[in-house]
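Per full-length UniProt numbering, residue 1 is the first one in the sequence shown, and the count goes up by one each step.
Beta carbons: idealized from backbone N, C-alpha and C, even for Gly.
The block underneath contains the structure these notes are about, expressed in structure tokens.
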Amino acid sequence: MNTRGLLICLLLLATLPAMADVYTYIDAQGNRVFTDQPRKNAKRVDIPPSNNMTGTPPTRTLKAGPARPAPPAPMFHYQLLRILVPEPDATLNNPSGDFIVTVTSEPALQPGHSYRLLLDGVAVGQPGRSPVFPVSNIDRGTHQLSVEVFDELGRVLEKTPNQPLHVQRVSLAQKRMTHPCTDDQYGVRPECPLKDKPEPKSSILPFF
């Protein structure tokens, strides 16, 4: 076997698994034979380590995902939230149905927080930081008042239980019957309009 053929055989053998042994011998025709099977008169061939370098895997470019929003701040809790005025189960005698609601909280209302007044479960007026709510023209009967505190995210932090309020709107005619109008009260009391003021009686006696 010429030198070129020997080199080709060695290169082919170098591709065998690293743990496989290679043997060589001269066959009956005088040719050199390489094999991985040991046999009589065969010699083990030392194969130099391969110079092949393992390719570097391509670098993966990680795409940045959408930024996660910051978690909301923990909810603040008040030790106390109550309605000061009117008192629970109060009775309001007002022909116009107008009254004032006053609330308080401990600790004091925090920055970014607001009060909201509820009448029969419906928000009354505009929420805000003022603890005083004017309410007007409420129908007669029993109503439920409550107040709640919410933060800048709209989360309800605290809410008072419903407390009853009884509104008695006495009509002007009823008030006039209970407290009759005097001459000096016409045009002063709402139930005593000037048009209802009786004509003054004449003190001059007629001549016959």
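Contacting residues, own chain, Cβ-Cβ under 7 Å from residue i (five flanking each side not counted)
| i | result |
| --- | --- |
| residue 27 | 33 |
DSSP three-state assignment for residue i, whether helix, strand or coil
| i | result |
| --- | --- |
| residue 140 | coil |
| residue 188 | coil |
| residue 197 | coil |
| residue 59 | coil |
| residue 172 | helix |
| residue 35 | strand |
| residue 178 | helix |
Spatial distance of residue i from residue j (CA atoms)
| i | j | result |
| --- | --- | --- |
| residue 162 | residue 121 | 9 Å |
| residue 192 | residue 95 | 14 Å |
| residue 123 | residue 183 | 44 Å |
| residue 25 | residue 59 | 47 Å |
| residue 172 | residue 149 | 38 Å |
| residue 180 | residue 88 | 33 Å |
| residue 115 | residue 75 | 16 Å |
| residue 185 | residue 107 | 49 Å |
| residue 132 | residue 81 | 14 Å |
| residue 213 | residue 176 | Nothing can be reported for residue 213: it is not among the residues displayed for the chain, which extend from 1 to 208. |
| residue 101 | residue 92 | 12 Å |
| residue 79 | residue 147 | 15 Å |
Extent of the continuous beta strand (DSSP E) to which residue i belongs
| i | result |
| --- | --- |
| residue 70 | Unbroken run through residue 70: none, as it is neither H nor E. |
| residue 166 | 163–168 |
| residue 291 | The question about residue 291 has no answer, for the chain in this structure spans 1 to 208. |
| residue 24 | 22–26 |
| residue 76 | Run containing residue 76: none; DSSP gives neither H nor E here. |
| residue 104 | 99–106 |
| residue 114 | 114–119 |
| residue 109 | Element bounds for residue 109: n/a, residue is neither H nor E. |
| residue 95 | No beta strand (DSSP E) holds residue 95; DSSP gives it neither H nor E. |
Neighbourhood of residue i by C-beta, 8 Å cutoff - its chain only, sequence neighbours within 5 removed
| i | result |
| --- | --- |
| residue 112 | 151 and 152 |
| residue 129 | 109, 113, 114 and 115 |
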